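Q: To start, I am sharing the structure in question, which I have written as structure tokens.
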Amino acid sequence: MHTCNLTTATYAETGQVVWPAAVVLSHYLLHHSHLVQSRSVLELGAGVGLPGLVAAKLTKDPSAVVLTDHTEVVLELLQKNTEANFTGDTVQPPDGPKSALLDWGVDLEEFRMTYGTFDLILGADIIYWIEQEGMAEPLFQTVSMLMSKKADAMFVMCHHVRSAQIAQSIQDIAGKFNLLCAEVGKDDLPAVCSDSLSNVPLQLLTFTPKDADIIV
Ligand SMILES: C[S@@+](CC[C@H](N)C(=O)[O-])C[C@H]1O[C@@H](n2cnc3c(N)ncnc32)[C@H](O)[C@@H]1O
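Those letters in the sequence shown? Residues 409 to 624, by the numbering used here.
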């Protein structure tokens, strides 16, 4: 995997490291690969793009995976990592995963018209201090607009618990967008995650539509 150059990237561009939350989310997908099989997948705030690329490796149709972030620099990084992982005898665009610009809450209708909706949405370390930065409302607006109407559609987010109030705030904001929040217990995470979990307080949450239409 490539990362942005630490000496030239700005804080806002990120993409400089693979965050522990991305590693844990990727292991979760590896151990619950049914979540990815035959499903369209969107990664939000992908940065380096690890969970989205893992999803693309797990599915029979990598072109159903779209990795997104909100700056051109990170988009280029995502394209570079996609090429590095889907070249030669493996699939390449247009059959490989796609990458696209997506700023949460912005031009969502246009994004949906271009890329459709998604059965599985992923996010690793994309919420930090929601009380201060107001990141969560546009994030959950984006999830709610771009999640498919299938009964088993899901948003899975792994985040660094940086404040005691964050879990409740996330749950409250998700509720406003009609999403039901549940925590994945540590026992449901593969043992390989224990190192990451002992170093950083991480939480893995799933969000499902409260009143999904049943479309099989
Ligand atoms: C801490 S980094 C995590 C990157 C990656 N998911 C990982 O875990 O390695 C947060 C990511 O969210 C992206 N981000 C922050 N605000 C965003 C917004 N409003 N719209 C889209 N992406 C955003 C940043 O560009 C960055 O890539």
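We treat Cβ as the ideally placed atom computed from N, Cα and C, and that holds for glycine.
Keep in mind the model is a prediction, meaning the values are calculated, not measured.
Can you give me the Cβ contacts of Trp427 inside the same chain, cut-off strictly under 8 Å, excluding the 5 residues immediately before and after it?
A: By one-based count along the sequence shown, residue 427 stands at place 19. So the qualifying residues of the chain are Gly455, Ala532, Asp533, His568.
Q: Checking the sheet assignment: what are the DSSP bridge partners for His567?
A: In the sequence shown, the residue the question calls residue 567 occupies position 159. Its beta-bridge partners are Gln611.
Q: Could you tell me whether the region 509-523 touches the region 484-493, using the rule of 3 or more Cβ pairs below 8 Å?
A: no
Q: Closest to Leu612 by CA distance: which of Ser471, Ala590, Pro546, Ser602 is it?
A: Along the sequence shown, read from residue 1 onward, the residue named residue 612 stands at position 204. Answer by Cα proximity: Ala590.
Q: Am I right that Leu475 and Leu466 are in contact with their C-beta atoms under 8 Å? What's the rounded C-beta distance?
A: Against the sequence shown, residue 475 aligns to sequence position 67. Against the sequence shown, residue 466 aligns to sequence position 58. About 14 Å separates the two Cβ atoms, so there is no contact after all.
Q: Just to confirm, is the Cβ distance from Val473 to Leu437 under 9 Å?
A: As a position in the sequence shown, residue 473 is number 65, starting the count at 1. As a position in the sequence shown, residue 437 is number 29, starting the count at 1. It is not a contact, given that the beta carbons lie outside the stated cut-off.
Q: What residue does the beta strand (DSSP E) around Asp477 start on, and which one ends it?
A: The residue you call residue 477 lines up with position 69 of the sequence shown. Looking at the DSSP string, the run of the beta strand (DSSP E) that includes Asp477 is 473-477.
Q: Quick check: what's the CA-CA separation for Gly593 versus Ala582?
A: Along the sequence shown, read from residue 1 onward, the residue named residue 593 stands at position 185. Along the sequence shown, read from residue 1 onward, the residue named residue 582 stands at position 174. Taking the straight line joining both Cα atoms gives about 19 Å.
Q: In its own chain, which residues sit with a C-beta less than 7 Å from the C-beta of Tyr419, not counting the 5 before and 5 after it?
A: Counting from one through the sequence shown, the residue named residue 419 turns up at place 11. Residue placement at Tyr419 is flagged as unreliable, the pLDDT there being 48, under the threshold of 50; a coordinate-derived value is accordingly withheld.
Q: Taking only three categories from DSSP, how would you classify Phe548?
A: As a first step, residue 548 is located in the sequence shown; it is residue number 140 there, counting from the start. Correct three-state label for Phe548: helix.
Q: Measuring straight from C-alpha to C-alpha, what distance separates Trp537 and Trp512?
A: The residue you call residue 537 lines up with position 129 of the sequence shown. The residue you call residue 512 lines up with position 104 of the sequence shown. Approximately 16 Å, taken between the alpha carbons.
Q: Distance, Cα to Cα, Leu510 vs Asp477?
A: One-based indexing of the sequence shown puts residue 510 at position 102. One-based indexing of the sequence shown puts residue 477 at position 69. For Leu510 and Asp477, the distance between alpha carbons rounds to 5 Å.
Q: Please tell me whether Leu528 and Ala561 are closer than 9 Å, where the distance is taken between their beta carbons.
A: For this step, residue 528 is matched to residue 120 along the sequence shown. For this step, residue 561 is matched to residue 153 along the sequence shown. With respect to Ala561, Leu528 sits close: the two C-beta atoms are nearer than 9 Å.
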